[in-house]
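Worksheet: one structure, shown below.
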Amino acid sequence: MVPPLPDSGAGLLHPLVVAASRGALPEWAKARENRRRHMARVSALLGEWANARGEAPQEVMRWMAAGHLHDALRDEDQEVLRGKLAPPFQGLPGKVLHGPGVAQRLREEGVEDEELLHAIAFHTLGSPAFGPLGMALYAADFLEPGRILREEWRSELRRRAPEDLEGVVREILSARIRYLVGEMRPLHPETVAFWNRLSEGETWASASEI
Ligand SMILES: [Fe+2]
Ligand SMILES: [Fe+2]
0 MVPPLPDSGA GLLHPLVVAA SRGALPEWAK ARENRRRHMA RVSALLGEWA
50 NARGEAPQEV MRWMAAGHLH DALRDEDQEV LRGKLAPPFQ GLPGKVLHGP
100 GVAQRLREEG VEDEELLHAI AFHTLGSPAF GPLGMALYAA DFLEPGRILR
150 EEWRSELRRR APEDLEGVVR EILSARIRYL VGEMRPLHPE TVAFWNRLSE
200 GETWASASEI
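Read in order, the letters of the sequence shown correspond to residues 0 to 209 in numbering that gives the first Met the number 0.
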């Protein structure tokens, strides 16, 4: 385990996180070229938002590292990932395993930044325990400009994100949940809990109202 760097801009960030903030992935990463380009775009967007919010340089680095790291095991064999994870992650669908897989590997490397680890582990399902970094990663993963999808709507959300992160995330999650329900697909309890947290302060609606 390498001790954290005590240097100026990086503060107490783990060296692996510092390297990732500059686009250098750990040697265990399993991500193909097109995936790496997506990760770089997510990272750039997170850097843009963090700067627009006036975050400190170390925080900007941390956000940018999350962008590069979140899909670092996206092209790893799903059953290999499953074999390394403990419950409750073990039982998740294959496509969701790469987030928890990266978080676990980072933890093994000595990364103790819980907000960062949680943001990466839950970047596909969403989580009611997200801090600003988790919210930003969830949004940037969906809003990065390389995706071909409802471009006008997404560019408007990209513009709003630095000042209204939760509002933007709520809009994205609403669209995703409506899509899944429209397809008659089940929702993961974590995703529902995330939605309810974002709707905090509003009164419960009875499903029988419609
Ligand atoms: Fe992902
Ligand atoms: Fe992603």
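Every residue, glycine too, gets a C-beta built ideally from N, C-alpha and C.
Model, not experiment: these values are computed from the prediction.
Nearest-angstrom Cβ-Cβ length linking residue i and residue j, presumed shorter than 8 angstroms
i, j, result
"valine 110", "histidine 69", "13 angstroms between Cβ atoms; not a contact."
"leucine 15", "leucine 105", "7 angstroms"
Check: residue i C-beta below 6 angstroms from any heavy atom of ligand 2
i, result
"aspartate 74", "no"
"proline 163", "What sits at residue 163 in the sequence shown is aspartate, not proline. Outside the cutoff, so no."
"aspartate 112", "no"
Pair within 7 angstroms by beta-carbon distance, residue i and residue j
i, j, result
"arginine 169", "leucine 148", "no"
"alanine 160", "alanine 128", "no"
"glutamate 189", "leucine 124", "yes"
"glutamate 75", "lysine 29", "yes"
"leucine 136", "glutamate 114", "no"
"glutamine 103", "glycine 93", "no"
Residue i Cβ short of 6 angstroms to ligand 1 heavy atom set
i, result
"valine 70", "The sequence given here has aspartate at residue 70, not valine. It does: the Cβ of aspartate 70 is within 6 angstroms (strictly closer) of some heavy atom of ligand 1."
Between the CA atoms of residue j and residue i - distance to the nearest angstrom
i, j, result
"glycine 8", "glutamate 108", "The pLDDT assigned to glycine 8 is 49, lower than 50, so where the model puts this residue is not dependable; a value taken from the coordinates is nonetheless given after this. The alpha-carbon atoms of glycine 8 and glutamate 108 are separated by roughly 21 angstroms."
"alanine 55", "alanine 64", "14 angstroms"
"proline 3", "alanine 192", "Any answer about proline 3 is weak, because its pLDDT of 47 lies below 50 and its placement is not dependable; what the coordinates show is given next. Going from the Cα of proline 3 to the Cα of alanine 192 covers about 34 angstroms."
"glycine 100", "lysine 83", "8 angstroms"
"glutamate 32", "arginine 73", "11 angstroms"
| query | Which runs of the alpha helix (DSSP H) spanning at least 4 residues fall entirely within the segment 48-107, listed in chain order? | reply | 56-68, 77-83, 97-107
| said: Suppose only complete runs of 4+ residues qualify. What are the alpha helix (DSSP H) ranges in the segment 132-199, listed by chain order? | reply: 150-159, 164-181, 188-197
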